[in-house]
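J.: When we follow our numbering, the leftmost residue of the sequence shown carries the number 77, and every step to the right adds one.
Beta carbons: idealized from backbone N, C-alpha and C, even for Gly.
If you're wondering where the values come from, they're calculated on a predicted model, not measured in any experiment.
My questions will all concern the structure given below.
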Amino acid sequence: SRDGILGPSDIGFCRMKALLTLQQAGPLDPVDNWSAMVGTAIHNYVEEALKADWPSYTFGSQGGRRVTATLPSGAKISGTPDMWSGFLDDNCVYDIKTVNGFEWTKRNGPSLSHIYQRHLYALALIQEDSLTEDCTVGNIYMDRSGANSDILIVEEKYNPDLTAEIDTWVTDVIYAAEHNEETARDVAAPVCEKICNYFTVCRGSLEDTTSDGPITDKDLLAAVDMYVEGHELSLTGSRMKNEAKSVLAGASGVTPTHQVRWVQVNGKDGPYDRLDIRSKKIV
77 SRDGILGPSD IGFCRMKALL TLQQAGPLDP VDNWSAMVGT AIHNYVEEAL
127 KADWPSYTFG SQGGRRVTAT LPSGAKISGT PDMWSGFLDD NCVYDIKTVN
177 GFEWTKRNGP SLSHIYQRHL YALALIQEDS LTEDCTVGNI YMDRSGANSD
227 ILIVEEKYNP DLTAEIDTWV TDVIYAAEHN EETARDVAAP VCEKICNYFT
277 VCRGSLEDTT SDGPITDKDL LAAVDMYVEG HELSLTGSRM KNEAKSVLAG
327 ASGVTPTHQV RWVQVNGKDG PYDRLDIRSK KIV
């Protein structure tokens, strides 16, 4: 946060950014916050809607309260959980996230920062006896692009071993702050330049921030693999569609799941027939 205090959402993303947050470094670069603003609006709307259906849960924007996780080093991280319940058999905490599509999360799972954040909320609630150590922790993802109307839930049992891992991450930052040193830059420079308002103060004095050398960042490597696989799937998909169209030439009707028809389209080079297959409406 801008008051120099680290919250759960600051943990697990980039240690250098967390350090600059502690130091209240500046000046800040302008960053487009539209996605964050949309995410907050969706967040609050969803929590308000869910509260009516799940009265046993406490929601962050609907009367929620701050909790504090105390790490083994003594560091304290405070924040407000999005959604949790210790009532009867619930024993769970969820963090709501808005993302631009689900494919990345389905393929790679929640980011480290999302995992750390939900764990810190659980740890805080366990330490105050609101939850027990066999609780469930999870993320509820919503697609702010509108492409997916469903939600994606990723959950698992609370893992106490993560506490020491998070504590190491936090103490790295605190040590650097206390000794006026730098710490690890955990995010690749091209990504930083687009999303981080500390980019200039963090990397502006470095000799090279735009190198075209080897890519080693694990998220960038995963994104390259995902793109290549998606490209290959699109080529395969095009071939499959073309072969299926030749078999379905002139066919129309319904299957148990889809409606099949050919429609005439007025193209710039003259009319042509286009195959139209769409899911049947369930009445």
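1. Identify, in the order they occur along the chain, each residue of the same chain with its Cβ nearer than 7 Å to the Cβ of Arg354, setting aside the five sequence neighbours on each side.
2. Just the C-alpha distance for Val175 and Gly185, rounded to the nearest angstrom, thanks.
3. Are the beta-carbon atoms belonging to Ile153 and Gly222 less than 9 Å from one another?
4. With H, G and I counted as helix, E and B as strand and the rest as coil, what does DSSP make of Pro84?
5. Would you give the residue range spanned by the alpha helix (DSSP H) that Cys211 belongs to?
6. Would you call the stretch 203-217 and the stretch 254-264 touching, i.e. three or more CB-CB distances under 8 Å?
7. Please tell me whether Thr331 and Lys356 are closer than 9 Å, where the distance is taken between their beta carbons.
8. If we count Cβ pairs, one from each stretch, closer than 8 Å, do we get three or more for the stretch 120-133 versus the stretch 97-106?
9. In the DSSP assignment, find the unbroken alpha helix (DSSP H) run with Glu179 in it and report its ends.
10. Can you tell me the Cα-Cα spacing of Ser171 and Asn318, whole angstroms?
11. Thinking C-alpha only, which one of Ala117, Leu164, Leu147 is nearest Tyr133?
12. Okay, do the stretch 195-202 and the stretch 233-246 touch, 3+ Cβ pairs below 8 Å being the bar?
13. Measuring straight from C-alpha to C-alpha, what distance separates Thr285 and His255?
14. I'd like to confirm the pairing. Which residues does DSSP put opposite Cys168 in its beta bridges?
15. According to DSSP, is Gly313 helix, strand or coil?
T.: So, from the data block:
1. In the sequence shown, residue 354 corresponds to position 278, counting from 1. Same-chain partners within the cutoff: His334, Gln335.
2. In the sequence shown, counting from the first residue as 1, residue 175 sits at position 99. In the sequence shown, counting from the first residue as 1, residue 185 sits at position 109. Going from the Cα of Val175 to the Cα of Gly185 covers about 13 Å.
3. Sequence index remark: in the sequence shown, residue 153 carries index 77 (1-based). Sequence index remark: in the sequence shown, residue 222 carries index 146 (1-based). Their beta carbons are not under 9 Å apart, which means Ile153 does not touch Gly222 by this criterion.
4. By 1-based counting over the sequence shown, the position of residue 84 is 8. In this structure, Pro84 counts as helix in the three-state DSSP scheme.
5. On the sequence shown, residue 211 is found 135 positions in, with the first residue counted as 1. No alpha helix (DSSP H) holds Cys211; DSSP gives it neither H nor E.
6. no
7. One-based indexing of the sequence shown puts residue 331 at position 255. One-based indexing of the sequence shown puts residue 356 at position 280. In contact: Thr331 and Lys356 (Cβ atoms closer than 9 Å).
8. no
9. Indexing the sequence shown from 1 puts residue 179 at position 103. Start and end: 179-184.
10. Here the question's residue 171 lines up with position 95 in the sequence shown. Here the question's residue 318 lines up with position 242 in the sequence shown. Before going on, a small fix: residue 171 reads as Asp here, not Ser. Cα-Cα distance, rounded: 43 Å.
11. Taking the sequence shown and counting its residues from 1, the one referred to as residue 133 is at position 57. Per the Cα distances, Leu164.
12. yes
13. Numbered from 1 along the sequence shown, position 209 holds the residue referred to as residue 285. Numbered from 1 along the sequence shown, position 179 holds the residue referred to as residue 255. Because the pLDDT of Thr285 is 49, which lies under 50, any placement of that residue in the model is unreliable, and the number read from its coordinates should be weighed accordingly. Each residue's alpha carbon lies about 25 Å from the other.
14. On the sequence shown, position 92 is the one that residue 168 refers to. Its beta-bridge partners are Ser161, Thr212.
15. As a working note, residue 313 is residue 237 in the sequence shown. Note: Gly313 maps to helix in three-state DSSP.
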